[in-house]
Amino acid sequence: VRIMTGAVVPDIYDAVIPVEDVTCDGQTVTITRPVKPGQHIRLPGEDLSRGDRVLPKGTVVSRLAIGVIASLGMEQLPVIRKPNVRIINTGDELVAPGQPLKAGQLYDANGPTVQSLIAPFCGSLERRPRAADDLDRLTQELQADCDVIITTGGVSAGEKDFVPEAARRSGWQEVFHKVAIKPGKPVFCAVKDNQLLLGLPGNPLSTAVTCAVFVIPALKKMMGRSDFLPDLRDAELTGEPLKSNRTVIWPGKICGWDGHTTATIAAKRSSAALSALLDSDGLIFQHLCETYQLPRVQVWPWPRILT
Numbered sequence: 091v092r093i094m095t096g097a098v099v100p101d102i103y104d105a106v107i108p109v110e111d112v113t114c115d116g117q118t119v120t121i122t123r124p125v126k127p128g129q130h131i132r133l134p135g136e137d138l139s140r141g142d143r144v145l146p147k148g149t150v151v152s153r154l155a156i157g158v159i160a161s162l163g164m165e166q167l168p169v170i171r172k173p174n175v176r177i178i179n180t181g182d183e184l185v186a187p188g189q190p191l192k193a194g195q196l197y198d199a200n201g202p203t204v205q206s207l208i209a210p211f212c213g214s215l216e217r218r219p220r221a222a223d224d225l226d227r228l229t230q231e232l233q234a235d236c237d238v239i240i241t242t243g244g245v246s247a248g249e250k251d252f253v254p255e256a257a258r259r260s261g262w263q264e265v266f267h268k269v270a271i272k273p274g275k276p277v278f279c280a281v282k283d284n285q286l287l288l289g290l291p292g293n294p295l296s297t298a299v300t301c302a303v304f305v306i307p308a309l310k311k312m313m314g315r316s317d318f319l320p321d322l323r324d325a326e327l328t329g330e331p332l333k334s335n336r337t338v339i340w341p342g343k344i345c346g347w348d349g350h351t352t353a354t355i356a357a358k359r360s361s362a363a364l365s366a367l368l369d370s371d372g373l374i375f376q377h378l379c380e381t382y383q384l385p386r387v388q389v390w391p392w393p394r395i396l397t
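Its first residue numbered 91, the sequence shown is counted upward by one per residue in this note's numbering.
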């Protein structure tokens, strides 16, 4: 019996022979290859059966999953929406890229850095015009109706570091302020109702590192993802460690992810050296060590951070 690909096989037959494996001469069909029962027949439930768990809760619906969902006849499925985020940069000295610089001014790198790092994890993303070092204006900015507010700068101990005070004035409850890490010690966190405020330090590399370590995992968690925690792997440190009495989280080179993993901290070791990110493979966690031995390190590659 001739049958087309995808058609239902009558019950009395138990194999399908591809047309290229036969020769036809009038009413005679010659089979040129051995035939096995069940060949080229797809049974109901062969791929997925009733009761199979296809996408566990917390799984990202990737492009690879779309076809599987469609094969189950589902036109839509419920998902957790991505959070709506506002970025606020502080600092009187900051100037938008493309504008002429005056003495004492710096181009704003923090806003574009944070925006580019977190964009895949946001529903809507608003980057506000630079907020001057003004307590009243910053207090007003922190009253935005969004899921997450991220500030850069203004969280240390300077005379114009107003973020913690502005947060208190606008009803935020502090969760923590200052963490024993380098760079990024002044990082600030507060909550209000169902909103989250994360205040990142103003030094550009500190901003990037704390965005990767604090902001991105928080956004992944708010998306309902189960893989929001840092996926760290032990590694052997090569080259000079970075001297510090805090846990160091620094960009660097990572080699041998699938075997013996080594890590080399970037040569540029200033929290303002944003270019240390260039040619780095991820973040290296150098844990505090109280002996004279090389400190223990773990690595977190960029592809695992940014997806």
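Each residue gets a CB set at the ideal place from its N, CA and C atoms; glycine is no exception.
>> Ignoring anything shorter than 3 residues, give me the beta strand (DSSP E) runs that lie fully in the region 183-217, in order along the chain.
In response: 215-217
> What's the call for Pro108, buried or exposed, on a 16-neighbour Cβ count within 10 Å?
Replying inline: The residue you call residue 108 lines up with position 18 of the sequence shown. Result: exposed.
> The alpha helix (DSSP H) spanning Ile395 covers which residue range?
Replying inline: Counted from its first residue, the sequence shown places residue 395 at position 305. Start and end: 392-395.
> Could you give the uninterrupted runs of the beta strand (DSSP E) lying entirely in the region 140-190, keeping only those of 3 residues or more?
Replying inline: 175-179
> Grouping DSSP H, G and I as helix and E and B as strand, with all else coil, what is Ala356?
Replying inline: Position 266 of the sequence shown holds residue 356. It is coil, neither helix nor strand.
> Fully enclosed by the region 245-302, which alpha helix (DSSP H) runs are 4 residues long or longer?
Replying inline: 253-259, 294-300
> Quick one: what does DSSP say Asp435 is sitting in, helix, strand or coil?
Replying inline: This structure does not reach residue 435, given that the chain is present from 91 up to 397, and the question cannot be answered.
>> For a test of the three-state rule: what should DSSP assign to Asp348, helix, strand or coil?
In response: The count along the sequence shown starts at 1 and reaches residue 348 at position 258. Coil at Asp348, not helix or strand.
> Residue range of the alpha helix (DSSP H) that Leu228 falls in?
Replying inline: Along the sequence shown, one-based indexing puts residue 228 at 138. Counting along the chain, the alpha helix (DSSP H) containing Leu228 begins and ends at 225-231.
> Which residue's Cα is closest to the Cα of Lys310: Met164, Glu165, Val238?
Replying inline: Position 220 of the sequence shown holds residue 310. Residue Val238 is the option with its Cα nearest to Lys310.
>> Less than 7 Å between the C-beta atoms of Ile177 and Ile240, yes or no?
In response: Taking the first residue of the sequence shown as position 1, residue 177 is located at position 87. Taking the first residue of the sequence shown as position 1, residue 240 is located at position 150. Yes, they are a contact pair.
> Count the other CB atoms within 10 Å of the CB of Ile121; is the residue buried (16 or more) or exposed (fewer)?
Replying inline: Against the sequence shown, residue 121 aligns to sequence position 31. Exposed, since its Cβ has fewer than 16 Cβ neighbours within 10 Å.
>> Please return the same chain residues whose Cβ sits closer than 7 Å to the Cβ of Gly157, not counting the five positions on each side in sequence.
In response: By 1-based counting over the sequence shown, the position of residue 157 is 67. Nothing meets the Cβ criterion.
> Between Leu191 and the rest of its own chain, which residues show a CB-CB distance below 8 Å, the 5 nearest in sequence each way excluded?
Replying inline: Along the sequence shown, read from residue 1 onward, the residue named residue 191 stands at position 101. Closer than 8 Å at Cβ, skipping near neighbours: Val185, Tyr197.
>> I'd like to confirm the pairing. Which residues does DSSP put opposite Leu373 in its beta bridges?
In response: Numbered from 1 along the sequence shown, position 283 holds the residue referred to as residue 373. For Leu373, which the question treats as bridged, DSSP gives the partners Pro341, Trp390.
> Which class does Asp111 belong to by DSSP, given the choice of helix, strand or coil?
Replying inline: Walking along the sequence shown from the start, residue 111 turns up at place 21. Here Asp111 sits in helix by DSSP.
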